[in-house]
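In terms of the working numbering, the sequence shown has 365 at position 51, counting the first letter as 1, and numbering is strictly consecutive.
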Amino acid sequence: MQRVEPAYPDLLPVTHRLGLPPAAPGNPCLDPVDMRLRYEDAAPQGSPADRSMPRRPVVFLAHSPTVRREGERLEKLLDAGCGAVLMLDDGLEPREVPDFAVPGRVVVVAPWFPELWGGHGLGSLGPWKARGCAAGVLLALAPCPAPQRRVEEAVAEASRCGAEFLVAAPLCLPAEERHRAYDRHAGEEGDGEMENLLFHSDLTRLCLTLEQAASRAAQRFGLAEGLPGPGTSLVTAETTWAAGQLLLWARRLDSLDAMGSPGWQLRRAARALLASRLLPGTLVREDNLRVVPGFNPWVEAFARGAWGAGGPPFDEVQARWLDA
């Protein structure tokens, strides 16, 4: 495995990766670690993978071809207590994956990005849910014709395909990538509207708008947001999910309030919760959240709201995020 640092650690809390993203001739694939598109002729990334078993359970990312090729290794990692995020980026089917002895250790994610950048439709996630896996969609947000409507359509498609959750993150698009898409779609006469969209618009603000649109659509279709795990032999999927919700809203507070954001308090509490290995549901029922470092009264009230109970200050922040 290879140690990785995701571009959006608040959204994808993995520390290692097994294998590399696949790419067929002429068809890019999404690399969820740095949220870039990868092509078949791209140079190899990073250093050679370490094939030794980790000394402590970790959460790792695995791509479809690697799962097919190294099913035995995947099984050993799961038996060692690791948690896995499986990317359905090459038509992986449940029968191609070893049996999961412990529920909550595996989360499957189907990538989506707009057709302008070479994306395709989503496949059914029902068989994975029948297998007992949490299944959802990673939306790579990027400029495209009618971008907000396209994101809403993608969320609707995810719902129809059986997704239980949604993760939305901006796609990193360097100038070379934007020129590639423009040359492919604009034609010889050019396209002024697409040129303005790709080269003369505020892509950061656009992606923030698309993140908010995805949240509104997810709420409308009843999809959860954020990864529901995975757990390891040390930290349960419930604890991983609860910490992930705090990290998700820390990111959103940073987007809303910039330098004045209290998101750092949520991040500190999330890390402490993971380190404690305690069950948040039990702490809430026993009114003992304060025993975890970082859970001051504001963070405790926010966490209760974010974990499903609602109420201030979470409701106010959620309203700002959805209405912005």
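Note that CB positions come from ideal geometry on N, CA and C, so glycine has one too.
For this session: Could you give the DSSP three-state label for arginine 352: helix, strand or coil?
Result: strand
Exercise. Valine 421 bridges to which residues according to DSSP?
Worked result: Val399, Ala448
Exercise. Glutamate 539 by DSSP, collapsed to three states: which one?
Worked result: strand
Exercise. Between the C-alpha atoms of leucine 452 and cysteine 475, what's the straight-line distance to the nearest angstrom?
Worked result: 13 Å
For this session: Drop a sphere of 10 angstroms on the beta-carbon of methionine 349, count the other beta-carbons inside from all chains shown, and report buried for 16 or more, exposed for fewer.
Result: buried
Exercise. Taking the C-alpha atoms as reference points, what is the distance between alanine 456 and aspartate 601?
Worked result: Counting only the Cα atoms, aspartate 601 lies some 42 Å from alanine 456.
Exercise. With DSSP run on the structure shown, which of helix, strand or coil describes phenylalanine 616?
Worked result: helix
Exercise. If we ignore side chains and look at the alpha-carbon of each, how far apart do valine 416 and threonine 550 end up?
Worked result: 11 Å
Exercise. What's the call for valine 605, buried or exposed, on a 16-neighbour Cβ count within 10 Å?
Worked result: Classification for valine 605: exposed.
Problem set entry | Distance, methionine 367 Cα to alanine 556 Cα | 27 Å
Problem set entry | N- and C-terminal bounds of the alpha helix (DSSP H) containing aspartate 629 | 628 to 637
For this session: Compute the Euclidean distance between the alpha carbons of glutamate 552 and phenylalanine 479, then round it to the nearest angstrom.
Result: 15 Å
For this session: With a threshold of 16 other CB atoms inside 10 Å of the CB of aspartate 637, please say whether the residue is buried or exposed.
Result: Label assigned to aspartate 637: exposed.
Exercise. Within the chosen definition, does the stretch 533 to 547 reach the stretch 384 to 398 through at least 3 CB pairs nearer than 8 Å?
Worked result: yes
For this session: Could you tell me if threonine 380 is buried or exposed, where buried requires 16 or more neighbouring beta carbons within 10 angstroms of its beta carbon?
Result: buried
For this session: Pick out whichever of Thr329, Leu344, Val631 has its Cα sitting closest to the Cα of tryptophan 426.
Result: Leu344
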